[in-house]
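Under mature numbering (1 follows the signal peptide of the UniProt record, and there is no 0), the residues of the sequence shown are numbered -25 to -1, 1 to 149, in order.
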Amino acid sequence: MLLQQNNRKCICFMFFLLIISNAYATDSICDTDEDVLFSCTMQNGKQLSICGVKKENQLLINYKYGKPKKIELIFPQNAQDNNDLFKYNHYFRYQTDYFRIVFVNNGYEYEIYRNYDGENSNEVTAGVNVSNLLSAKTYNNQCKTLQTDRINQLSDLLDCDNDNALGCEFNKSN
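In structure tokens, the structure reads:
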């Protein structure tokens, strides 16, 4: 009887661990050896993640989009590529904080954004704008749930996009 009771407790505990591990596994689509810098679940149920991997004392980032077992886009494809493929912008003042990460891939510009507007709504909005560089059409895919937001840390790794009007508040080269 005691053995049967212990088995039930063990099975319940294992089931609990399985549920917890699945919940955490879906917080990002970064690999287990990658650092999650930004991650959200989109309105369409897919995930957007910016992941960092240490290579020779440098943190290299990549963008991932899709579902945990079906990632649709990884940029850059080769982990050996460096952070020069990405640019950032950051505008900050009282009650306002806008951050952008931009890269170009196959004729499309991807702009990952995170905005805080404390003057009007006190809400954080995030997502990705994808612009076709030929047609100038832009598609917005907004985050439904923001799981990880350490995007500000990228200002130390990336170069400023000087062509963007937002500028680069706290730029390391300023």
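Every residue gets a Cβ at the ideal spot worked out from N, C-alpha and C, and that includes glycine.
None of these values were measured; they are calculated from a predicted model.
Considering only the beta carbon of each residue, do residue i and residue j sit closer than 8 Å?
i: R89; j: V99; result: yes
i: M17; j: N107; result: no
i: H65; j: L141; result: yes
i: F79; j: E86; result: A quick correction: the sequence has Val, not Phe, at residue 79. No, the Cβ-Cβ distance between V79 and E86 is not below 8 Å.
i: T71; j: E94; result: yes
i: V103; j: L12; result: no
i: L35; j: N58; result: yes
i: N19; j: F74; result: no
i: Y63; j: C135; result: yes
i: C15; j: A101; result: yes
i: K21; j: K42; result: yes
i: Y69; j: F50; result: no
Residue i bridges to which residues according to DSSP?
i: C75; result: Checking the displayed sequence, the identity of residue 75 turns out to be Arg instead of Cys. N64, Y88, per the DSSP bridge assignment.
i: G27; result: D10, I36
i: G102; result: Y88, Q117
i: G41; result: Q22, I46
i: D124; result: F13
i: N80; result: Y83
i: C5; result: None; C5 has no bridge partner.
i: D134; result: K62
i: N107; result: Y83
Assuming residue i contacts residue j (C-beta within less than 8 Å), just tell me the rounded distance between them.
i: Y40; j: E47; result: 6 Å
i: T123; j: D2; result: 7 Å
i: residue 158; j: G82; result: Since the first and last residues shown for the chain are -25 and 149, residue 158 lies out of range.
Between residue i and the ligand MN, is there a pair consisting of the residue's CB and a ligand heavy atom that are separated by less than 7 Å?
i: R68; result: Absence of the ligand MN is noted for the structure shown, with no ligands found whatsoever.
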